[in-house]
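Worksheet: one structure, shown below.
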Amino acid sequence: MDLGSDVSVPLAGTRLSVWSLPAKTEKKSAPTVEIGSHKVSFDELYQQYYERVLAYMRFRTGSPDAAEDLVAQVFERVVSHLDDLQSPGAVGAWLFRIARNCAADYFRRYRVMVSLDTLVDGNHPRECSPEEELVAREERMLLLNQLNRLSEREREVIGLKFVACLQNREIARVLHMPEGTVGSLLHRALSRLRDALHDEGGNE
Amino acid sequence: MKDRRADVENVWLDKLDAIAAGDEQPSPGDDELLHIAGRLTAALAPLGELDAGARTHKQRLGSQLRLQLAASKKTRLVKRWAFRSIMVAVALLVFMVLGPGLLFQIVPGASQNDHTNGAQTQQGWQMLALHSTSAYTIATPDKLTRGVTLLLPTEIAPDGYLVAISIDNYGNNVKIASYLVYEQDAIFYETPSRPFPPDAYAISVYQTVSIGKTRGFLYQEPGGTNRLEWYQAGLLCDLVSKLPAGQLIMMADELHSVTF
Numbered sequence: 020m021d022l023g024s025d026v027s028v029p030l031a032g033t034r035l036s037v038w039s040l041p042a043k044t045e046k047k048s049a050p051t052v053e054i055g056s057h058k059v060s061f062d063e064l065y066q067q068y069y070e071r072v073l074a075y076m077r078f079r080t081g082s083p084d085a086a087e088d089l090v091a092q093v094f095e096r097v098v099s100h101l102d103d104l105q106s107p108g109a110v111g112a113w114l115f116r117i118a119r120n121c122a123a124d125y126f127r128r129y130r131v132m133v134s135l136d137t138l139v140d141g142n143h144p145r146e147c148s149p150e151e152e153l154v155a156r157e158e159r160m161l162l163l164n165q166l167n168r169l170s171e172r173e174r175e176v177i178g179l180k181f182v183a184c185l186q187n188r189e190i191a192r193v194l195h196m197p198e199g200t201v202g203s204l205l206h207r208a209l210s211r212l213r214d215a216l217h218d219e220g221g222n223e
Numbered sequence: 066m067k068d069r070r071a072d073v074e075n076v077w078l079d080k081l082d083a084i085a086a087g088d089e090q091p092s093p094g095d096d097e098l099l100h101i102a103g104r105l106t107a108a109l110a111p112l113g114e115l116d117a118g119a120r121t122h123k124q125r126l127g128s129q130l131r132l133q134l135a136a137s138k139k140t141r142l143v144k145r146w147a148f149r150s151i152m153v154a155v156a157l158l159v160f161m162v163l164g165p166g167l168l169f170q171i172v173p174g175a176s177q178n179d180h181t182n183g184a185q186t187q188q189g190w191q192m193l194a195l196h197s198t199s200a201y202t203i204a205t206p207d208k209l210t211r212g213v214t215l216l217l218p219t220e221i222a223p224d225g226y227l228v229a230i231s232i233d234n235y236g237n238n239v240k241i242a243s244y245l246v247y248e249q250d251a252i253f254y255e256t257p258s259r260p261f262p263p264d265a266y267a268i269s270v271y272q273t274v275s276i277g278k279t280r281g282f283l284y285q286e287p288g289g290t291n292r293l294e295w296y297q298a299g300l301l302c303d304l305v306s307k308l309p310a311g312q313l314i315m316m317a318d319e320l321h322s323v324t325f
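Line by line, the protein sequences are chains L and S. If you use our numbering, the first sequence corresponds to residues 20 to 223, in order. If you use our numbering, the second sequence corresponds to residues 66 to 325, in order.
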């Protein structure tokens, strides 16, 4: 067969321009996602991270409503970019990098000033006595007020550590910085918080 | 001294990790910063708690995402196959159009070979000047990686086919090798792969045919070229020719699995 002349044989893989898969009823089993060679249940991923992402967004935006919208955006991006994920061990950092980007888009778009004070009266589903509730509320107000005084970078690292509950290694991946720098930033943020609390006389 | 300081820092960071995760409470002997960390953990914990509205949002979003994931799985599957197809198509296009090169070809009996112009003989193989491509590495079967299994014709002399290999990187840098086996009037693509999803051929343009005991799918392209696709021996097979469909099915039936 002379491939050099009058080649009319179609090229490989030109099967159909549109590979239309017929609509089928969805399977009952929980959908799984393939990450590298691992299969991960999407439900597990969602259950594991939903609250953490929501908490992070509440912390970043100070607005429970905006936080819910942003959580939806984060998980929609997660679903559409699952192929980018290569290792189950990197899920946390990858997911919070997406969350951070979504939050950054939100701030760019709406140019809102964040005040964490609005979160003081947030959700209190845990049962406790009115006195305990009052003490907890005052403590939260005090700390959230002082967090407002930290730099954006320090607040971000506090959010990833204490709200998203990420390891320093994961925070380093999210913020694109060495792990040691994360440790230093955390130490500095806590020191500044301590100083601010001393100034307020709140650390008795 | 430095090591000792690093150890202290690591212990402090580990303790901070445990406090931030809510696994531990700061103890009286811990420094003030760890106590502040403990207060911070407690103060920020309610941010992740869900009231009735948030629970509803979570449930609704979860359902939407599951549907979206199911739909995107199909899209990803289509994209993956489309990408593979495009890569092979591009490779072949380059192969046919660009730069001169050599492709080994053995015809069943040298005397039957019509492509004698410019042909050379090397190790019993008839080498024919053909267009080459950087994407495909030309190889004789004896130079294939050990353990590679291909489907090859039985009724053709051992030197009656030629093989080209393309190794492409797909998502996550997975290397996929595609093999071409040229017969007299047909091109045969073989790619080690998982089987197609059962739905893949459930469209009217494909006609289901039997290749021995194997189910095949026949598609006639507008130019009159027949394309027979099937899955066998771990290979995604694609036999393309202008020969009549019946003859293609016979050719496919005569293929046999050879492990090098």
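Glycine residues also receive a C-beta, built at the ideal position from the N, C-alpha and C atoms. This one's a predicted model, so the numbers in the text were calculated from it and none came from an experiment.
For Glu-97(S), the neighbours in chain L by C-beta distance under 7 Å run, in chain order, Arg-213.
When secondary structure is reduced to three states using DSSP, His-321(S) falls in the strand class. Tyr-284(S) has Arg-292(S) as its beta-bridge partners, per DSSP. Per the coordinates, the alpha-carbon of Ala-85(S) lies some 31 Å from the alpha-carbon of Tyr-129(L).
Glu-87(L): member of the alpha helix (DSSP H) spanning 83–99, first to last residue.
Glu-151(L) is bridged by DSSP to nothing; it lacks a bridge partner.
Apart from the 5 residues on each side of it in sequence, Ala-251(S) sits with its Cβ closer than 8 Å to the Cβ of Leu-304, Val-305, Ser-306, Leu-308, Leu-313 and Met-316 in its chain, given in chain order. Annotation for Val-274(S): no alpha helix (DSSP H) segment contains it, though the beta strand (DSSP E) segment containing it runs 272–276. A residue is called buried when at least 16 other Cβ atoms come within 10 angstroms of its Cβ; Ser-82(L) meets this threshold and is buried. Taking 9 Å as the cut-off, the Cβ atoms of Gly-108(L) and Tyr-68(L) do not count as close.
Just so you know, the alpha carbons of Gly-202(L) and Met-196(L) end up roughly 11 Å apart.
DSSP places Pro-111(S) in the helix class (H, G or I) of the three-state scheme. If you draw a straight line from the Cα of Ala-208(L) to the Cα of Leu-169(L), it comes to about 7 Å.
For Cys-302(S), the uninterrupted beta strand (DSSP E) run begins and ends at 300–306, by DSSP. Here DSSP, grouped into helix, strand and coil, assigns Ser-203(L) to helix. By the CB criterion at 9 Å, Gln-129(S) and Ser-99(L) fall outside the cutoff. Within chain L, the residues Tyr-65 have their CB atoms less than 7 Å from the CB of Gly-127(S), given in chain order.
Straight across, the Cα-Cα distance linking Leu-109(S) with Glu-157(L) is about 13 Å.
Distance from the Cα of Tyr-284(S) is smallest, within the candidate group Ser-258(S), Gln-297(S) and Gly-311(S), for Gly-311(S).
By the criterion of at least three beta-carbon pairs nearer than 8 Å, the region 116–124 of chain L is not in contact with the region 144–156 of chain S. In the DSSP assignment, Ala-74(L) falls within the unbroken alpha helix (DSSP H) covering 61–80. Inclusion of Val-176(L) and Leu-194(L) in the CB contact set at 9 Å is warranted, their separation being smaller than that value.
DSSP places Glu-189(L) within a helical segment (H, G or I) once states are collapsed to three. Taking 9 Å as the CB threshold, Gln-133(S) lines the interface with chain L. Ala-183(L) and Arg-71(L) do touch by the CB rule: their CB atoms are close to 5 Å apart, below 8 Å. Judged by DSSP in its simplified three-state form, Leu-78(S) adopts helix. Pro-91(S) is classed as buried because its beta carbon has at least 16 other beta carbons within 10 Å across all chains shown.
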